[in-house]
Amino acid sequence: MIGNIRSNVNRAHLCCLVLVFAALLPSLVLTNHQDTPWLAPEDTSFPYKGLEHNLVELVKVQASTSKWITLMTFTGAIKRFVLNCIYSMTTFGRQPHYLVATFDPESLALCIKLNLPCYNASSLSQVRITNEAHPFDTPASNALWWAKQQLTFEILSMGYNVHGSDADVVYFREILPSYQHIFDQTWADGAFLMEEAVTENPEDFESYINLMNAGVYALKSSPRVLKFVHHWLRNLEEMDQVRLNNLMGAAYMLCESRAMCHASKRHHKAAFYRHPHIFPGTSCTQPFEGDPCDERRLYIHFLCESGWDRKAGAWSDMQLWLVDEQGVPLWSNPAAGVGGAGKPTHPFLPCQGLAWQNVGMSPNRRRWLRGHARGSHVL
-3 MIGNIRSNVN RAHLCCLVLV FAALLPSLVL TNHQDTPWLA PEDTSFPYKG
47 LEHNLVELVK VQASTSKWIT LMTFTGAIKR FVLNCIYSMT TFGRQPHYLV
97 ATFDPESLAL CIKLNLPCYN ASSLSQVRIT NEAHPFDTPA SNALWWAKQQ
147 LTFEILSMGY NVHGSDADVV YFREILPSYQ HIFDQTWADG AFLMEEAVTE
197 NPEDFESYIN LMNAGVYALK SSPRVLKFVH HWLRNLEEMD QVRLNNLMGA
247 AYMLCESRAM CHASKRHHKA AFYRHPHIFP GTSCTQPFEG DPCDERRLYI
297 HFLCESGWDR KAGAWSDMQL WLVDEQGVPL WSNPAAGVGG AGKPTHPFLP
347 CQGLAWQNVG MSPNRRRWLR GHARGSHVL
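For the sequence shown, position 345 (counting from the first letter as 1) is numbered 341 according to this note's numbering, and the numbering increases by one without interruption.
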């Protein structure tokens, strides 16, 4: 009889364990596939499933507790670029709070099949956008960029902060803490990548001045920023980046310190910080010189080649393809808790520490710190 009692107790324990495991299994699947949701079973119940036509609920589900969300755009033909960017963003950038906007039925269907947090943004496009890889500066690519900025305005209007990202981007280190460091040090309303191109004639005030890149940015929701984006969206005939740079002084001011940013806000203009370019010197992509994990790099954005084939070749040359055509990770990175047995470790990712550590410092302060560091262990 005692044996029967023990047997029944064991069965009860086993039954409880099975029930507990069954209850935990969905969360285990979600955790294991946070960086690669496209590799999860199709019937996995991600919290954003079924919200592709409901922006308010999708943003509410996907945003971080600090109300940040990353916005990306997607067409089926650039699937590998999008998955590569997302993988770098969630794995090395530690930013799982994102949504993916689509503009045509085929891309939306593929996005849903890949278990991504998709949003049907087709109503925002001024022209028809297909699931192709649209060449640079065509009516379709310009419409896609403008639709991204319109969606940014809608999300900012809800009181959320937006990190906008193009697909031809690879993130090297933590995203939100790096941007937060900028905002803490400068009191800026937003941050963009620095570019620097101007006419040779100091009296030519008609030629385009290139100050910032519009592909990757971080914008904090505020009346000033909403006013700026409203101005940005007033002329959809121009390229979004041309319009962005032409608004400097009219809708926003550039600033590098708390005093400068505060002065801009005092005049009811958004205050934007330009973070260092990803390569020293010109704005164009160059081979890595020195440490790929230089603190100037939160990410790499392929800027100077417009063809997707050339972009793909650059990712190969720079060892920045992190997933294959199916989205399967190519590298093993134990420090990041990703990858698989038998795969090589990436030669430099993930990068350690935050980007842009010297933000908000005057040139004299930077020089003093460099000199002081050479003579001591400070820094």
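Note that beta-carbon positions come from the ideal geometry of N, C-alpha and C, so glycine has one too.
Coarse secondary structure for residue i, derived from DSSP in three states
i           : result
residue 250 : strand
residue 160 : strand
residue 238 : helix
residue 355 : coil
residue 270 : strand
residue 325 : strand
residue 264 : coil
residue 207 : strand
residue 123 : coil
residue 244 : strand
residue 214 : strand
Integer-rounded CB distance, given that residue j should sit under 8 Å from residue i
i           : j           : result
residue 224 : residue 187 : Contact doesn't hold; Cβ gap of about 13 Å is too wide.
residue 94  : residue 32  : Wrong, their Cβ atoms sit about 14 Å apart, outside the cutoff.
residue 118 : residue 139 : That belief does not hold up - the Cβ atoms of residue 118 and residue 139 are roughly 11 Å apart, past 8 Å.
residue 328 : residue 222 : That pair is no contact at about 44 Å.
residue 189 : residue 271 : 6 Å
residue 227 : residue 243 : 6 Å
residue 101 : residue 58  : The Cβ separation is near 22 Å, so there is no contact.
residue 79  : residue 34  : 6 Å
residue 165 : residue 81  : 5 Å
residue 66  : residue 161 : 6 Å
residue 163 : residue 69  : 7 Å
residue 92  : residue 145 : The Cβ separation is near 23 Å, so there is no contact.
Residue burial classification, residue i (beta-carbon count within 10 angstroms, cutoff 16)
i           : result
residue 46  : exposed
residue 179 : buried
residue 355 : buried
residue 322 : exposed
residue 75  : buried
residue 88  : buried
residue 148 : buried
residue 96  : buried
residue 193 : exposed
residue 62  : exposed
residue 230 : exposed
residue 24  : Because residue 24 carries a pLDDT of 41, less than 50, the predicted location of this residue cannot be relied on, and the following value inherits that uncertainty. With fewer than 16 Cβ atoms within 10 Å of its Cβ, residue 24 is classed as exposed.
residue 346 : buried
residue 199 : exposed
residue 233 : exposed
residue 348 : exposed
residue 16  : Because the pLDDT of residue 16 is 40, which lies under 50, any placement of that residue in the model is unreliable, and the number read from its coordinates should be weighed accordingly. The residue in question, residue 16, is exposed, as its Cβ has fewer than 16 Cβ neighbours within 10 Å.
residue 307 : buried
residue 170 : buried
residue 309 : exposed
residue 197 : exposed
residue 19  : Interpretation of residue 19 is limited by its pLDDT of 41, a score under 50 that renders its predicted location unreliable; the figure taken from the coordinates is listed afterwards. Exposed, by the Cβ-count rule.
residue 48  : buried
residue 344 : exposed
residue 109 : exposed
residue 39  : exposed
residue 262 : exposed
The ligand GDP heavy atom lying under 7 Å from the CB of residue i
i           : result
residue 290 : Of ligands this structure carries none, so the ligand GDP is not represented either.
Problem - Contiguous alpha helix (DSSP H) assignments of at least 4 residues, all confined to the stretch 52 to 121 - result: Complete alpha helix (DSSP H) runs here, min 4: 75 to 87, 101 to 109.
Exercise for the section: May I ask you to verify whether the stretch 229 to 240 touches the stretch 300 to 317, counting CB pairs closer than 8 Å and requiring at least 3? Expected result: no
Exercise for the section: Please list the segments of the alpha helix (DSSP H) lying wholly inside the stretch 168 to 193, counting only runs of 4 or more residues, in order along the chain. Expected result: 171 to 182
Practice task
At 3 residues or longer, and completely inside the stretch 284 to 312: list those beta strand (DSSP E) runs for me, N to C.
Solution key: 295 to 297
Exercise for the section: Report yes or no: do three or more beta-carbon pairs, one from the stretch 310 to 317 and one from the stretch 49 to 63, lie closer than 8 Å? Expected result: no
Handout entry: Segment contact flag, the stretch 164 to 183 with the stretch 288 to 297, C-beta cutoff 8 Å, min 3 pairs
Key = As far as the Cβ criterion goes, the stretch 164 to 183 touches the stretch 288 to 297, which means the pair count is three or higher.
Exercise for the section: Specify whether the stretch 249 to 256 and the stretch 148 to 167 touch according to this definition: at least 3 beta carbon pairs, one from each stretch, less than 8 Å apart. Expected result: no
Exercise for the section: Only counting runs of 4 or more residues, tell me where the alpha helix (DSSP H) segments fall wholly within the stretch 129 to 153, in order along the chain. Expected result: 135 to 153
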